[in-house]
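Asks: Got a structure for you, written out below as structure tokens; questions coming shortly.
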Amino acid sequence: MIVKAIPTNIITGFLGVGKTTLIKQLLKTKPEGETWAILVNEFGEVGIDAGLLEANNSGVQIREVAGGCMCCAAGVPTQVAINQLIARAKPDRLLIEPTGLGHPNEIIKVLSAPHYQHVIRLQSTLCLIDARKLMDERYRGHDNFVQQLQVADVIVATKTDLYPEFEALQGRQLAQELTHYLNALQLDDTPVVEHSSPQGLSAKLLELLKQPHRDLPKPVSNLAVSINALSQSRSVLRNTADTLGLQGLFTEEASEQVYQFDARGIVRKQNQGEGCFSCGWVFEPMQEFDFDKLMQLITLQTQTNPTLLRLKAVMITSDGIAGINWSSGDMTVTELDDCVDSRLEMIATQELDWDHIELALMECLAG
Numbered sequence: 016m017i018v019k020a021i022p023t024n025i026i027t028g029f030l031g032v033g034k035t036t037l038i039k040q041l042l043k044t045k046p047e048g049e050t051w052a053i054l055v056n057e058f059g060e061v062g063i064d065a066g067l068l069e070a071n072n073s074g075v076q077i078r079e080v081a082g083g084c085m086c087c088a089a090g091v092p093t094q095v096a097i098n099q100l101i102a103r104a105k106p107d108r109l110l111i112e113p114t115g116l117g118h119p120n121e122i123i124k125v126l127s128a129p130h131y132q133h134v135i136r137l138q139s140t141l142c143l144i145d146a147r148k149l150m151d152e153r154y155r156g157h158d159n160f161v162q163q164l165q166v167a168d169v170i171v172a173t174k175t176d177l178y179p180e181f182e183a184l185q186g187r188q189l190a191q192e193l194t195h196y197l198n199a200l201q202l203d204d205t206p207v208v209e210h211s212s213p214q215g216l217s218a219k220l221l222e223l224l225k226q227p228h229r230d231l232p233k234p235v236s237n238l239a240v241s242i243n244a245l246s247q248s249r250s251v252l253r254n255t256a257d258t259l260g261l262q263g264l265f266t267e268e269a270s271e272q273v274y275q276f277d278a279r280g281i282v283r284k285q286n287q288g289e290g291c292f293s294c295g296w297v298f299e300p301m302q303e304f305d306f307d308k309l310m311q312l313i314t315l316q317t318q319t320n321p322t323l324l325r326l327k328a329v330m331i332t333s334d335g336i337a338g339i340n341w342s343s344g345d346m347t348v349t350e351l352d353d354c355v356d357s358r359l360e361m362i363a364t365q366e367l368d369w370d371h372i373e374l375a376l377m378e379c380l381a382g
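First residue of the sequence shown: 16, per our numbering; consecutive thereafter.
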């Protein structure tokens with residue numbers, strides 16, 4: 016079988032910068048008849064982003080790698096997920112969203128490996144940055160934050176519609192702050208594109224997405240290669256997985272995470288690393304939440320926990336299925352058409368009282 020190498024973009028950025036929102040907007044540009052695939056990695060142990068990305072969008076396949084950096088265990092979990100996704104979806108384009116706490120240079124190395132050179136055509140890597148974060152040393156001094164900018168082919172300044180109010184309060188010009196910061200990192204040659212969700216994707220950004228990744232030679236025009244390259248990479252990975260004791264990754268069952276619920280119908284998963292702590296809950300599908308009580312609890316948690324960086328949820332409620340996304344004081348709530356179950360995840364720079372939060376969540380159940 017003869018195929019073309021798959022155009023692939025990596026979309027990086029720190030927690031809450033708007034990666035998932037931008038991907039949703041990109042999906043709206045998908046030509047009819049094409050299939051796009053999305054590989055999502057989350058720091059937390061329960062996947063939320065796939066639920067938030069689910070849309071009335073035929074021709075989109077989503078695969079999650081939960082639990083931190085995609086590149087653990089010599090990159091094997093990531094490569095397995097990529098191989099499974101490509102084999103299942105046979106995509107015309109692949110979008111990869113690493114965790115906001117991840118090391119993007121490692122995933123680039125994975126995708127640049129010899130066994131992928133005829134399977135994946137790596138195009139521009141985007142790094143999304145909310146310039147308001149530059150006022151916070153937790154961000155501007157974070158190694159991953161800096162590394163994401165350094166490997167980017169294009170830097171996207173997001174949420175620019177929110178800058179004027181912030182500038183008025185702080186008396187700072189964010190465009191100047193961003194320019195000075197990038198100059199200090201010697202990134203003044205990297206293109207910077209402004210973006211806000213209300214305005215949508217600019218023609219300039221869509222054009223830059225199609226450019227080849229700067230560290231790779233431009234692909235040969237109309238490159239056609241044998242699918243054997245992917246089969247060979249799968250064989251290499253299977254041998255590596257055997258060596259690392261990860262044989263189960265290659266079973267079909269490995270593509271979907273199966274949860275064992277307790278007597279209350281809950282699963283709780285925790286993770287820590289990169290100076291952050293996460294806790295996520297998955298609830299059995301038949302459990303329904305009181306929307307008003309749930310939103311009161313979430314509002315309380317976001318207002319009273321100063322170390323909270325991120326809260327995401329897909330919840331079955333009495334008012335429908337709600338997709339909830341909070342970061343740095345900005346919250347969005349959207350109505351979703353469908354979901355498998357209810358799940359909520361929080362990420363903070365200090366461990367929170369997860370037991371107390373869990374009890375509060377149970378009290379939000381309807382009926």
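Where is the CB? At the ideal position from N, CA and C, for every residue including glycine. Remember, it's a predicted structure, so these values are computed and weren't measured experimentally.
In terms of residue numbering, what span does the alpha helix (DSSP H) encompassing LEU164 cover?
Replies: First-last of the alpha helix (DSSP H) with LEU164: 158 to 165.
Asks: Mark ALA199 as exposed unless 16 or more other C-beta atoms lie within 10 angstroms of its C-beta, in which case mark it buried.
Replies: With fewer than 16 Cβ atoms within 10 Å of its Cβ, ALA199 is classed as exposed.
Asks: Thinking TYR154 and PHE29 are a contact (beta carbons under 8 Å), I'd like their distance in whole angstroms, please.
Replies: Confirmed, about 6 Å.
Asks: Along the alpha helix (DSSP H) that carries LEU220, what are the first and last residues, could you check?
Replies: From DSSP, the alpha helix (DSSP H) with LEU220 extends over 218 to 224.
Asks: What are the boundary residues of the alpha helix (DSSP H) that includes ALA128?
Replies: Here ALA128 belongs to no alpha helix (DSSP H), and DSSP marks it neither H nor E.
Asks: Is the region 154 to 171 in contact with the region 39 to 46, if contact means three or more CB pairs nearer than 8 Å?
Replies: Result no; under three Cβ-Cβ pairs closer than 8 Å.
Asks: Please classify ASP176: does DSSP put it in a helix, a strand, or coil?
Replies: Note: ASP176 maps to helix in three-state DSSP.
Asks: Give, in chain order, every unbroken run of the alpha helix (DSSP H) that is at least 4 residues long and sits entirely within the region 276 to 329.
Replies: If we require 4 residues or more, the alpha helix (DSSP H) runs fully inside the region 276 to 329 come out as 306 to 319.
Asks: Run through DSSP, which three-state label would GLN76 get?
Replies: If DSSP states are grouped into helix, strand and coil, GLN76 belongs with the strands.
Asks: Look up ASP345 in the DSSP assignment and give the residues it is bridged to.
Replies: Paired residues: SER342.
Asks: Does the Cβ of SER73 have 16 or more other Cβ atoms within 10 Å, making it buried, or fewer, making it exposed?
Replies: That one is exposed.
Asks: Kindly indicate if chain B contains any beta-carbon less than 8 Å away from that of ASN98.
Replies: The structure shown contains no chain B; it holds only a single protein chain.
Asks: Pairs of beta-carbons, one from the region 47 to 58 and one from the region 101 to 109, closer than 8 Å: are there three or more?
Replies: Judged by Cβ distances under 8 Å, the region 47 to 58 makes contact with the region 101 to 109, as three or more pairs qualify.
Asks: Is it buried or exposed, ASP145, if we count other Cβ atoms within 10 angstroms and call 16 or more buried?
Replies: ASP145 is buried by the Cβ-count criterion.
Asks: Unbroken alpha helix (DSSP H) runs of length 4 or more, entirely within the region 179 to 208: which are they?
Replies: You should have 189 to 199.
Asks: In this structure, what does DSSP give as the bridge partners for TRP51?
Replies: In the DSSP output, where bridge partners are listed per residue, TRP51 has VAL75 and ARG108.
Asks: On a CA-only basis, which of LYS308, LEU216 and LEU126 is nearest GLN94? Give me that one, please.
Replies: Of LYS308, LEU216 and LEU126, the residue nearest in Cα terms is LEU126.
Asks: GLN40 lies in the alpha helix (DSSP H); which residues open and close that run?
Replies: Start and end: 34 to 42.
Asks: Looking at the structure shown, is LEU367 part of a helix, part of a strand, or coil, going by DSSP?
Replies: Residue state, collapsed to three classes: coil.
Asks: Can you name the start and end residues of the beta strand (DSSP E) that ARG229 belongs to?
Replies: Segment: none, ARG229 is in no beta strand (DSSP E) and carries neither H nor E.
Asks: Quick check on the DSSP output: the alpha helix (DSSP H) that includes ARG136 runs from which residue to which?
Replies: Taken as a continuous stretch (DSSP letters only), ARG136 belongs to no alpha helix (DSSP H), being part of the beta strand (DSSP E) at 135 to 144.
Asks: Does DSSP classify ALA20 as helix, strand or coil?
Replies: Reduced to three states, the DSSP call for ALA20 is coil.
Asks: By DSSP's criteria, ALA337 is part of a beta bridge. Which residues make up the other side?
Replies: BP columns for ALA337 point to MET330 and GLU350.
Asks: How do the region 315 to 332 and the region 362 to 369 stand: do at least 3 beta-carbon pairs fall below 8 Å, yes or no?
Replies: Cβ pair count under 8 Å is three or more, so yes.
Asks: Alpha carbon to alpha carbon, how far is HIS130 from ASP305?
Replies: Each residue's Cα considered, the two are about 50 Å apart.
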